[in-house]
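Worksheet: the structure to be examined is printed underneath.
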Amino acid sequence: MKHGESFSQNLQNLTFYEWVDFVFSPAKDKSWSWMEWEWEFDDPKPPLFLYAILNRWLRFTTQLFRKPLFLSSYTDAEIEADFGFLLGFDGLLHWLGHHNLSLALRKACILSMVGLFQNHLSSLPENSAIVYMWWDLLIFGQKLEDEIKDVMFETLSQILVMPSANCQWSALHGLEHLEYPGSSILLEEFLQQHICVTENVARYAQHLRPKLL
Numbered sequence: 384m385k386h387g388e389s390f391s392q393n394l395q396n397l398t399f400y401e402w403v404d405f406v407f408s409p410a411k412d413k414s415w416s417w418m419e420w421e422w423e424f425d426d427p428k429p430p431l432f433l434y435a436i437l438n439r440w441l442r443f444t445t446q447l448f449r450k451p452l453f454l455s456s457y458t459d460a461e462i463e464a465d466f467g468f469l470l471g472f473d474g475l476l477h478w479l480g481h482h483n484l485s486l487a488l489r490k491a492c493i494l495s496m497v498g499l500f501q502n503h504l505s506s507l508p509e510n511s512a513i514v515y516m517w518w519d520l521l522i523f524g525q526k527l528e529d530e531i532k533d534v535m536f537e538t539l540s541q542i543l544v545m546p547s548a549n550c551q552w553s554a555l556h557g558l559e560h561l562e563y564p565g566s567s568i569l570l571e572e573f574l575q576q577h578i579c580v581t582e583n584v585a586r587y588a589q590h591l592r593p594k595l596l
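Going by the numbering used here, the sequence shown opens with residue 384, and the numbers climb by one from there.
Here it is as structure tokens:
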């Protein structure tokens, strides 16, 4: 049995709480990569043991985002660092754009981000890098299906109107990268409602106007 496959069995058998600890505990070794198993994400036939991990972890991620109170025992610094891991090469950055994974699971995960932003990311220190770059990391360089883009736009629309500078910054940055047809209309409605929570958010929204036309 290959090292990667043996290691994957341990990952595949994690419970939800063990998985949260694996992702957010600084003591856990997360220096592994799918490349250990000689598999590229655009491979139309991923090994079954990896496919099982991806589906399981996508469900766990959705569960966490819907009820992010599990994160209360971790510091802001740990959350910043480990959301970076979760969004990176081995995480959501590729899961959400992987066409072989369940479309329903991927859509549910994106929609669950509304709860994560509302109940947790909104309370992180203002100008949090991971919050601002969240959608940039998810969207940049991806070949997303139209249905995934639709759900991302729906999610961004809800995050944009939250009374939080972090949420509004992140949603505006996401709209800039998503390049969705309805973005300019959404931005105009946002500006007309005068709900920008800071002057900096308002200036950024005005800055985006010509880019979203």
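For glycine and all other residues, C-beta sits at the position ideal for the given N, C-alpha and C.
Closer than 7 Å by C-beta to L527: which residues in its own chain qualify, once you throw out the five before and the five after it? Chain order, please.
G480
Considering only C-alpha positions, which residue in the set L521, V584, S505, F407 is nearest to A460?
F407
Cβ pair I542, M496 closer than 9 Å
yes
Verify the contact flag: W552, CB atom, against every heavy atom of the ligand MG, threshold strictly below 8 Å.
By its list of ligands, the structure shown contains no ligand whatsoever, and the ligand MG lies outside what it can speak to.
With DSSP collapsed to three states, give me the class of M496.
helix
Give the straight-line distance between the Cα atoms of M418 and G498, rounded to the nearest whole angstrom.
Note that M418 scores 45 on pLDDT, short of 50, meaning its location in the model is unreliable and no value can be drawn from it.
The region 580-587 touching the region 547-555, judged by at least three CB pairs closer than 8 Å:
With the cut-off at 8 Å, the region 580-587 and the region 547-555 touch.
With distances taken Cα to Cα, identify the nearest neighbour of S485 among F448, L507, G524, L441.
If we check each option's Cα against that of S485, L441 comes out closest.
Return the chain-ordered list of same chain residues with a C-beta closer than 7 Å to the C-beta of S566, the five sequence neighbours on each side being excluded.
Once the five neighbours on either side are set aside, the close Cβ partners of S566 are L558, L595.
Would you mind giving the Cβ-Cβ distance between L561 and I513, rounded to the nearest angstrom? I have them listed as a contact below 8 Å.
Between I513 and L561 the Cβ distance is about 18 Å, and since that is not below 8 Å, they are no contact.
With DSSP collapsed to three states, give me the class of H556.
Correct three-state label for H556: helix.
Would L614 pass as a contact of N502 if the rule is Cβ separation under 9 Å?
Within the shown structure, residues of the chain are numbered from 384 to 596, placing residue 614 beyond reach of any answer.
What residue from L433, L520, F405, A487 has the CA that sits closest to Y457's CA?
F405
When we look at the beta-carbon of G474 and count the other beta-carbons within 10 Å, is it buried (16 or more) or exposed?
buried
Cutting at 8 Å between CB atoms, please list the residues of its own chain near E537, excluding the five before and the five after it.
L494
Can you give me the start and stop residues for the alpha helix (DSSP H) that P593 sits inside?
582-595
Going by beta-carbon coordinates alone, are E571 and L507 separated by less than 9 Å?
no
Can you tell which of P593, R489, K450 has its C-alpha closest to the C-alpha of V534?
R489
Do F466 and W517 count as a contact pair if the criterion is CB distance below 9 Å?
yes
Would DSSP call H477 helix, strand or coil?
helix
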